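Asker:
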Amino acid sequence: MKRHLLALSVLTLALASTSRADILTGFLVDSTGAPIAGADIDIFEAGTDRDENLLNDGTHADGSFAVTVDPGFYDVVFYPPAPPANLYVPKKVQSISIFGTTNMGTTVLDTGVSLGGRIVDSNGLPVPFMKIELSELATGEPTLMVIDSTDLTGNFLVNVLPDVYDLAIRPNLLPPLYAPRRMDVPVTGNTNLGDLAIQDGFLVTMTVQRTTGIQVVGADLDVTDESTGELLFTPKDNTDDFGNAVVAVPAGTYTIDVCTPIAHRLVGLRLPGVNVSANLAMGVQTLQSGFLVSGLARVGGVLAPGLDLDVLTAGTAETLLTCDDNTNASGAFAIVLAPGTYDFEFADVDTECGTSTFLRDVVVASNVSFNVDLDPDSFGCRYCGDALPNSSGERGHIFATGSPVAALNNLELHADGLAFNQFGIFLTSQQEFYVPFPGGSQGNLCLGAGLGRFNRPGEILYSGATGTFQLALDLTNVPTSLGGPLTVAAGQSFRFQAWYRDLNPTSTSNFTDAIKVTFQ
1 MKRHLLALSV
11 LTLALASTSR
21 ADILTGFLVD
31 STGAPIAGAD
41 IDIFEAGTDR
51 DENLLNDGTH
61 ADGSFAVTVD
71 PGFYDVVFYP
81 PAPPANLYVP
91 KKVQSISIFG
101 TTNMGTTVLD
111 TGVSLGGRIV
121 DSNGLPVPFM
131 KIELSELATG
141 EPTLMVIDST
151 DLTGNFLVNV
161 LPDVYDLAIR
171 PNLLPPLYAP
181 RRMDVPVTGN
191 TNLGDLAIQD
201 GFLVTMTVQR
211 TTGIQVVGAD
221 LDVTDESTGE
231 LLFTPKDNTD
241 DFGNAVVAVP
251 AGTYTIDVCT
261 PIAHRLVGLR
271 LPGVNVSANL
281 AMGVQTLQSG
291 FLVSGLARVG
301 GVLAPGLDLD
311 VLTAGTAETL
321 LTCDDNTNAS
331 GAFAIVLAPG
341 TYDFEFADVD
351 TECGTSTFLR
361 DVVVASNVSF
371 NVDLDPDSFG
381 CRYCGDALPN
391 SSGERGHIFA
401 TGSPVAALNN
411 LELHADGLAF
421 NQFGIFLTSQ
431 QEFYVPFPGG
441 SQGNLCLGAG
451 LGRFNRPGEI
461 LYSGATGTFQ
471 LALDLTNVPT
481 SLGGPLTVAA
491 GQSFRFQAWY
501 RDLNPTSTSN
511 FTDAIKVTFQ
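Residue numbers for the sequence shown follow my numbering, beginning at 1 and rising by one.
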């Protein structure tokens, strides 16, 4: 028996020796060097949110600390006493190696400003224990807070550095249920946001699966208010390991888009007209397998990040749901489409109004790869939506090249996608308007008062076998129906559109889309 007890004692000592506790020491002070007492110290495994069990995790009256922790590599977070006792801002110190006794020296907390408010319900009553999250708007970096929820009176108060923040109010999914809310908050000094109202919420649930019946993990739900076009804030809106998703929204009518990571090779699903006035179980939603459409996009030969890709059913104005359809930092795009024939539009949304280019009648019957190059010399704001198809099966498109500088008098209008071998002219006005099918046309007029026609000698054009024409304008002699011709001046905006004849199948006419050029 004694031998067994001795062996047990030796084993216990051996196990204890493999798990030693080391010490992190240092001082916590403010920007004047004054010690900060009563601060709480949290230690996390480096680069994670896994916190460690600590002993003596606070600062003393002289700002010193000696925290007992297992050896390792850690991120150390200092939380000062809660406001309003001070204006100190919490701080994270990353990648601290703790082996033996480690002295991290003196850590300085910045003095910030206060940000507060009160969360109330639709009746103006305070909502306690409501989760508050802050992040820097520019970077998305989460902001450390000593207290991240409302108190019994619905109030919250945090200390931050002056900046612009994304403030998120995130209710839990327990009754009474509220809808989440987020807002941009500029903070330049002590800021009281007053009462922030949150709406009553309702749960919308669904299960997402493949056509094979296998649940889809990681599908993302986007909810758009159909009355405002606003994308709702719906945190934790991805499907779980069982394909289930749940979001909280206020009463209303919504379009819900269901998208998956590109690796799933699943076509996005759009669910319009979802009316929510109580908790809503939407059952099983099935996603169809599709083909990968990918490639590179350039502007003037240079790879272009941030281009927007729209996909339409060929020959129609029906824009389809395409998930994550902007080009990435390398100018690459990748979307998933069901088998079919499509029109593609790539638009440079970061320019004045968006240089764009079209690819028509792309057949998707397997994985497809192609590259596009937008013309960097075209300019102007395209508006009035997509033109209607003509007898060629295309839709007319207008664009401008040259220069928008009025004094240079160097502007050329181009039209493509026209009916073949037909006459046409360019039109102009300083006003926008919308007239569907004017005079029996198969297109839409997008110009308003003072309509001018480029139908003088040398201005009547022919589309030929390519379905295109172009015209160099004289900006000192722009036609108008309001008296004589105009001279374009810097600061003025003119709209342009092309009209052309067609046989579709009988004699008719059509229009391109329209552009607005603001001259410099």
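Backbone N, C-alpha and C fix where the C-beta goes; we use that ideal spot for every residue, glycine too.
Predicted model, so just to flag it, every value in this text is computed and none were measured.
Kindly list the residues whose CB is nearer than 6 Å to the CB of S64, restricted to its own chain and excluding five residues on each side of it in sequence; keep chain order.
Answerer: F27, listed in sequence order.
Asker: Could you please give the first and the last residue of the uninterrupted beta strand (DSSP E) stretch that includes G72?
Answerer: G72 -> beta strand (DSSP E) spans G72 to Y79.
Asker: Using 10 angstroms around the beta-carbon of E230, count the other beta-carbons present and answer buried if the total reaches 16, otherwise exposed.
Answerer: Answer is exposed; the Cβ neighbour count stays below 16.
Asker: Per DSSP, which one or two residues make a beta bridge with A245?
Answerer: Paired residue(s): M206.
Asker: Please classify L221 as buried or exposed, where buried requires at least 16 neighbouring CB atoms within 10 angstroms.
Answerer: By the neighbour-count rule (16 or more Cβ atoms within 10 Å), L221 is buried.
Asker: Under a Cβ-count criterion, where at least 16 other Cβ atoms within 10 Å of its own Cβ denotes burial, should I147 be classed as buried or exposed?
Answerer: The residue in question, I147, is exposed, as its Cβ has fewer than 16 Cβ neighbours within 10 Å.
Asker: Would the region 77-84 count as touching the region 146-162 if we require 3 or more Cβ pairs under 8 Å?
Answerer: Taking 8 Å as the limit for Cβ pairs, the verdict is that the region 146-162 does touch the region 77-84.
Asker: Should A39 be labelled buried (16 or more other beta-carbon atoms within 10 Å of its own) or exposed?
Answerer: With 16 or more other Cβ atoms within 10 Å, it is buried.
Asker: Below 8 Å, how does it come out for the region 281-292 and the region 317-324: are there three or more Cβ pairs, yes or no?
Answerer: With the cut-off at 8 Å, the region 281-292 and the region 317-324 do not touch.
Asker: For R495 versus P479, is the C-beta distance shorter than 9 Å?
Answerer: Their beta carbons are not under 9 Å apart, which means R495 does not touch P479 by this criterion.
Asker: Is the beta carbon of R298 closer than 9 Å to that of D373?
Answerer: Cβ distance < 9 Å, so D373 and R298 count as in contact.
Asker: Below 8 Å on the Cβ atoms is my guess for P71 versus F99; work out the distance and round it to an integer in Å.
Answerer: Their Cβ separation, rounded to whole angstroms, is 5 Å, which keeps P71 and F99 in contact under 8 Å.
Asker: From T255, D257, D241 and P235, pick the residue whose C-alpha is nearest to that of V247; which is it?
Answerer: Nearest option by C-alpha distance: P235.
Asker: Please report the straight-line C-alpha distance between L337 and N371, rounded to a whole angstrom.
Answerer: Spanning the two alpha carbons is a distance of roughly 17 Å.
Asker: Taking E136 as the reference, give the member of A179, T211, L408 and L167 with the closest Cα.
Answerer: Cα-wise, what sits closest to E136 is L167.
Asker: Can you grab the Cα-Cα spacing for the pair S330 / S227, in whole Å?
Answerer: If I take the Cα positions, the gap works out to 36 Å.
Asker: Please report the straight-line C-alpha distance between V517 and L475, rounded to a whole angstrom.
Answerer: Taking the straight line from one Cα to the other gives about 12 Å.
Asker: Whose C-beta lies closer than 8 Å to the C-beta of L173 among residues of the same chain, with five residues either side of it excluded?
Answerer: Cβ neighbours of L173 beyond the five flanking positions: L203, V246 and A248.
Asker: How far does the beta strand (DSSP E) with F511 in it extend, from its first residue to its last?
Answerer: Per DSSP, F511 belongs to the beta strand (DSSP E) from S507 to T518.
Asker: Looking only at its chain, what residues have a beta carbon closer than 6 Å to the beta carbon of P35, apart from the 5 residues adjacent to it on each side?
Answerer: Answer for P35: V29, D62 and G63, listed in chain order.
Asker: Quick check: the Cα distance between T508 and D502, rounded to an integer number of angstroms?
Answerer: Distance between the alpha carbons of T508 and D502 is about 5 Å.
Asker: State the Cα-Cα distance for the pair G33 and D151, rounded to the nearest angstrom.
Answerer: Going by the C-alpha atoms only, they are around 32 Å apart.
Asker: Quick check on DSSP: helix, strand or coil for G555?
Answerer: No answer is possible for residue 555: the residues shown for the chain start at 1 and end at 520.
Asker: Could you work out which residue in L388, D22, T239 and V69 is closest to Y500 when comparing CA atoms only?
Answerer: Considering only alpha carbons, the answer is L388.
Asker: I believe N192 touches V113 by the beta-carbon criterion, under 8 Å. Please report the beta-carbon distance rounded to the nearest angstrom.
Answerer: With 8 Å as the limit, N192 and V113 do not qualify as a contact, their Cβ atoms being about 11 Å apart.
Asker: If you drop the 5 nearest sequence neighbours on each side, which residues of the same chain put their C-beta closer than 8 Å to that of Q442?
Answerer: Here the set comprises L388, N390, D502, N504, T508, S509 and N510.
Asker: In angstroms, rounded to a whole number, what distance separates the CA positions of T12 and T48?
Answerer: Caution is warranted here: a pLDDT of 41 is assigned to T12, below 50, making its placement in the model unreliable, and the coordinate value is therefore given only provisionally. Going by the C-alpha atoms only, they are around 31 Å apart.
Asker: Grab me the residues of T253's own chain with a C-beta within less than 6 Å of its C-beta, minus the 5 sequence neighbours each way, in chain order.
Answerer: Cβ within range, chain order: E226 and N275.
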